[in-house]
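So in numbering that gives the first Met the number 0 the end of the sequence shown lands on 371, straight run, no missing numbers.
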Amino acid sequence: MRLLLLPLLVAVSSCAAVHQPAAAQTECAATAYAPDASLQSAIDTALDTAASEGFAGQVAVMRGDVFVYRRNVGAADLQGHIPVRDDTLFQVASITKYITAALTLRAAEQGRLALDAPLLQFIPDTEIAKRGTTIADLLAHRSGLGSSYAAEPFDDATAALAAIDAAPFDAERAGRFRYSNDGYDVLGIILERLYGERYETIVRHELMARACIPHVGFWGEGRLTDPTYRAQALSSPPRPLRRRSYGMIGSAGFMTTAYDLVAWQHALRAGQVLGPQSLSELWAPRGETSIGQAAYGAFLVDNPRLGRMISARGTEDWGDNAYLNEYLDCDVIVALVTSRGPAEGSGRPLFRDQLIPQIEAALADECATPAH
């Protein structure tokens, strides 16, 4: 992500938690859909207006363990011929970091690494490691690494790591928050070495299978220009990036749907993916930022309408932008994904930033009495 500085019951595919430790076998089931008429009317009005201005994407809302709103909007292709479907994938950019953070904690649960482990254990010949950087420093954006995108030209992990290692380093920011794509790219490389498999394979097996989410994609897996697979963005990514890239793998290349983003957060909360201690690590405050408190791969925000929330978010230069928000005081999860910007320089906010406040306003009445 280039951060521009997340009633009839009808069965839908997702899963429900088995109340066992995270190491136990996950049992998948159907998640209920009980549309909320008043919520549907309010959000539909906002989406209809956005659609008239070029929005195309998906929005999903879950209250408790029931979907109360689901909608696909617009076309997946730029010509307007192929509608967005339930299974249309969207690049969610830096929400990938939230996935990478969870995978790192999963590796810690398995004894593959310790969060306070120095990088000298994993990449000993790098300047990054020689500075005393730890796994936790990478997770919390306090390594001093920035967002150089130095790894983007490379599909070879060794070359990508060397490029990041040679990128500018801000010694004054080491130990303090500095948003870093490079740090999460390094985590992706380390995780591949620890598991002996590609990042994509590890995420599918260690995270998505446990969350009962079979249909995800990753940057460079092919058909990136096929709108029946991935919603097309306002502009095409640079040609050198239209393949597997270590500048995308750990930081920005995850592709999914709004429905599965909601299912992912619900599965995390239910303990299907990680144990309680790991979840506490994932969501612990790590330092104040302009957005809120940094967490691992996400942010902790005090929302003026809805109270405390966990927010993972992403945006790309070519138009993809997304939110995954869990409103803790309301027991509500919202995801919004789009590939349609608006374009940088248009003078308009990103669609995610236009629409999320309107969705929050629609939720405000039912969250007036916080759920505890």
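Beta carbons are placed, not taken as given, at the ideal position from N, Cα and C, and that holds for glycine.
- In the assembly as shown, A297 is a buried residue. Its beta-carbon has 16 or more other beta-carbons within 10 Å.
- Taking a 10 Å sphere around the C-beta of E280, we find 16 or more other C-beta atoms and assign the residue as buried.
- Judged by pairs of C-beta atoms under 8 Å, the region 303-321 touches the region 331-338, as three or more such pairs exist.
- The residue among A41, I212, L278 and S142 with its C-alpha nearest the C-alpha of D181 is S142.
- The DSSP assignment places complete alpha helix (DSSP H) segments of no fewer than 4 residues inside the region 176-244 at 180-194 and 198-201, in order along the chain.
- Taken atom to atom, the span from the alpha-carbon of G252 to that of S146 is near 15 Å.
- Taking the CA atoms as reference points, S250 sits about 14 Å from R197.
- In terms of CA proximity to A165, T157 leads the group T157, A266 and R172.
- By the C-beta criterion, the region 122-142 is judged not to be in contact with the region 214-228, since fewer than 3 inter-stretch pairs fall below 8 Å.
- The criterion of a C-beta distance shorter than 8 Å is satisfied by A107 and S277.
- Taking each of P348, W282 and E343 in turn and checking the Cα distance to E325, the smallest one comes out for W282.
- Judged by pairs of C-beta atoms under 8 Å, the region 254-262 touches the region 51-65, as three or more such pairs exist.
- Secondary structure at P348: coil, using DSSP grouped into helix, strand and coil.
- Assignment of A92 by DSSP, reduced to helix, strand and coil, places it in the coil class.
- Under the Cβ criterion (8 Å, minimum of three pairs), the region 226-239 counts as touching the region 79-97.
- In this structure, the alpha-carbon of D328 lies about 11 Å from that of G63.
- Here the alpha carbon of V333 sits roughly 16 Å from the alpha carbon of A31.
- Distance check between R241 and each of P152, L273, S40 and E171 places P152 closest, using alpha-carbon atoms only.
- The C-beta of A257 has 16 or more other C-beta atoms within 10 Å across all chains shown, which makes the residue buried.
- A straight line joining the alpha-carbon of A361 with that of Q39 spans about 9 Å.
- Sequence-distant partners of S235 (beyond 5 residues in either direction) whose C-beta falls short of 8 Å from its own C-beta, in its chain, are T224, R241 and W317.
- Taking R70 as the centre and dropping the five residues before and after it, the same chain places the C-beta of V58 closer than 6 Å to its C-beta, in chain order.
- For the options E171, T103 and R238, the alpha carbon positioned closest to that of L273 is the one of T103.
- Inter-segment contact for the region 189-203 and the region 165-177 is absent: fewer than three beta-carbon pairs are separated by less than 8 Å.
- Around the Cβ of H204, a 10 Å sphere holds fewer than 16 other Cβ atoms; the residue is exposed.
- Across the structure, D85 and T99 are spaced so that their CA atoms are roughly 24 Å apart.
- Comparing alpha-carbon positions, the option among D169, K96 and D154 lying closest to R243 turns out to be D154.
- Less than 8 Å separates the beta-carbon of L160 from that of V185.
- For D301, no alpha helix (DSSP H) encloses it; the enclosing beta strand (DSSP E) starts and ends at F298 to N302.
- Measuring C-alpha to C-alpha distances from A29 to each of A36, E52, G53 and F66 identifies F66 as the nearest.
- Only residues of its own chain outside the window of five on either side were considered, and among them W317, G318, D319 and S338 have a CB closer than 6 Å to the CB of A232, listed in chain order.
- Taken atom to atom, the span from the alpha-carbon of D115 to that of A269 is near 26 Å.
- With a 10 Å radius around the Cβ and a threshold of 16 neighbouring Cβ atoms, D35 comes out buried.
- Residue burial is scored here from C-beta neighbours: A162 has at least 16 other C-beta atoms within 10 angstroms and is therefore classed as buried.
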